[in-house]
Amino acid sequence: MSEPEAHRSGALKADPRLQTYFHNEDERRRVTQAMFDEAATGYDSAEALTALGSGAWYRREVLRRNGLREGMSLLDVAAGTGLVTVAGVELVGPKGRVIALDPSPGMLAELRKKVAVDTLEGYAESIPLPEAQVDFVSMGYALRHVGDLSSAFAEYLRVLRPGGKVCIMEISRPRSRLLRGALWFHISVLVPLLARLTGRHADVKRLWAYYGDTIEAALDPDTILDALRHAGFADVDCSVSLGIFREFTGTKP
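Under my numbering, the residues of the sequence shown are numbered 26 to 278, in order.
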């Protein structure tokens, strides 16, 4: 695959496991939106089990550490139920502005129950905003659901003001086979089981199984960094915590 072709590809490698969910990009969008809509009411409970209760603190700390502060404007892409959005609202304060973008009406409905922000239905590859609208673009654990990295990163650059920053939080495939197996079991098997046993909505099972498979099929971090550079971002970097949690960052020149 040539360099431009690699950047135009999605954030997942070809993997036989994904064939059980969809076979092309149009089908992927339909299937994943249905999974997110189905899981929306139980998503936060399952996420809390996945992150062992540390998710809210970690998301806020990542945004703060990467420069989101009072008075800034934030676009949270693939906002889901608003786990990153809420952290952003806390940091930018009443003088700032937060916009939440997500293709799932069900997830956005849950987000609106938590926080009063502008919401948009749409995809990362085609953001319904004019150029140079925000100071900061965030994405929390959703890069694996992007169908075209090149288009998404070009859109991030377009809507950012000069000097603005992108911060993408993601779970990456561990190098250790033992850790990979443990992570897959925790996400795909244990969390859905605990969600059922605690009465926290059994409708997360299919989405969490898909999560586990997408982590296994995720592109390597260097490919994502190259795609950010190719889109035009400067100061591109990636930091890692606990061997699996990554933060991809870049600045609009």
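Here a beta-carbon is modelled for each residue, glycine too, at the ideal position from N, C-alpha and C.
Exposed unless 16 or more other CB atoms sit within 10 angstroms - verdict on residue i
i	result
R169	buried
V265	exposed
R42	exposed
W281	The requested residue 281 does not occur in the structure, where the chain is confined to residues 26 to 278.
A256	buried
A259	exposed
K230	buried
T45	exposed
K277	buried
D247	exposed
L267	exposed
K138	exposed
G172	buried
E156	exposed
G118	exposed
S98	buried
D262	exposed
Helix, strand or coil at residue i [DSSP, three-state]
i	result
P41	helix
P130	helix
L99	strand
A256	helix
A59	helix
Y236	helix
P246	helix
K139	helix
E146	strand
V171	coil
E195	strand
A64	helix
K120	coil
Backbone CA spacing between residue i and residue j [nearest angstrom]
i	j	result
T57	G147	13 Å
V140	A242	33 Å
S197	K120	35 Å
I67	G275	Before going further, note that residue 67 is Gly rather than Ile in the sequence given. In a straight line, the C-alpha of G67 is about 33 Å away from that of G275.
D69	T106	7 Å
A179	G188	15 Å
M164	G96	19 Å
L154	L174	18 Å
M194	G113	14 Å
A59	L253	29 Å
A149	V162	11 Å
D251	A73	32 Å
R94	T239	32 Å
V191	I249	13 Å
D123	D101	It is Val, not Asp, that sits at residue 123 in the sequence shown. Looking at the two C-alpha atoms, the distance is approximately 7 Å.
A64	L244	25 Å
Alpha helix (DSSP H) segment containing residue i, residue limits
i	result
S175	L174 to V184
S70	Y68 to T75
L108	L108 to V117
R84	G80 to R90
Beta strand (DSSP E) segment containing residue i, residue limits
i	result
V162	V159 to G165
G275	F270 to T276
contact_flag[the region 79-91, the region 40-54] where n(CB pairs < 8 Å) is 3 or more: As far as the Cβ criterion goes, the region 79-91 does not touch the region 40-54, which means the pair count is below three.
Three CB pairs or more closer than 8 Å across the region 86-93 and the region 123-140: These segments do not touch.
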